[in-house]
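Notes follow the structure.
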């Protein structure tokens, strides 16, 4: 029993400095969503040729584990706005993220993998149809590849990233591609 009490204390001793000096980042971008649900595809088809705008937002707190590995906690949201006249379909995907970012010692080049807990809410207003639908919470993954221009600096700097998030939605899966420009600060 004492071994089980000592192990968390040892882990806490070695990880507390990591959480004492976090950095942060936030970003904005655009992308494309591949919807897996047939009813979502059908509603988008019914709306027809539309105006469309996709906005990707994200923010994270960065906890450096060592020079090459960062633990991150954050969230992201992807808004797919489609409208034609007074008819519209607004699809909002939002997730909480936790994961690791690795820098393979190639300048600011990095890749990361995050566990995502999220859902999607659809706001639909067509001629004779008005509804708000929300999916159940799902567990997915987000993969990111990018370049951090301020990685070895102790200041603010830009970060350019591309991501793929795969989120299950019951019997289907949404795949979301985003390209983002972020402002980051490492401590």
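Residue numbers (our numbering): 473 to 659.
Built from N, CA and C at the ideal position, the CB exists for glycine as well.
Looking only at its chain, what residues have a beta carbon closer than 8 angstroms to the beta carbon of residue i, apart from the 5 residues adjacent to it on each side?
i	result
residue 539	575
residue 657	495, 496, 497, 622, 627, 628 and 629
residue 625	658
With DSSP as the reference, identify every bridge partner of residue i, one or two as the case may be.
i	result
residue 593	564 and 606
residue 495	534
residue 517	DSSP, once it has assigned bridges, lists no residue as partnering residue 517.
residue 575	Partner(s): none; residue 575 has no beta bridge.
residue 615	585 and 636
residue 646	639
residue 506	647
residue 629	656
residue 580	None, per the DSSP bridge assignment.
residue 552	526 and 563
Thinking residue i and residue j are a contact (beta carbons under 8 angstroms), I'd like their distance in whole angstroms, please.
i	j	result
residue 461	residue 501	There is no way to answer for residue 461, as the model of the chain reaches only from 473 to 659.
residue 569	residue 546	5 angstroms
residue 580	residue 610	Residue 580 to residue 610, Cβ: 32 angstroms. No contact.
residue 585	residue 615	6 angstroms
Around the Cβ of residue i, are there at least 16 other Cβ atoms within 10 angstroms (buried) or fewer (exposed)?
i	result
residue 561	buried
residue 608	exposed
residue 637	buried
residue 513	exposed
residue 558	exposed
residue 518	exposed
residue 563	buried
residue 599	exposed
residue 511	exposed
residue 643	exposed
residue 542	buried
residue 567	buried
residue 499	buried
Can you list, in chain order, the residues of its chain with a C-beta nearer than 6 angstroms to that of residue i? Leave out the 5 residues immediately preceding and following it.
i	result
residue 527	551
residue 532	497, 544 and 546
residue 659	493 and 495
If I measure Cβ to Cβ from residue i and keep anything under 7 angstroms in the same chain, skipping five residues before and after, which residues do I get?
i	result
residue 522	554, 555 and 556
residue 641	508, 509, 592, 607 and 610
- Touch test, the segment 541-556 against the segment 505-522, Cβ-Cβ under 8 angstroms, three pairs minimum: yes
- Is the number of C-beta pairs between the segment 593-601 and the segment 611-626 that are closer than 8 angstroms three or more? no
- Item | At least three beta-carbon pairs within less than 8 angstroms, the segment 597-604 to the segment 627-643 | no
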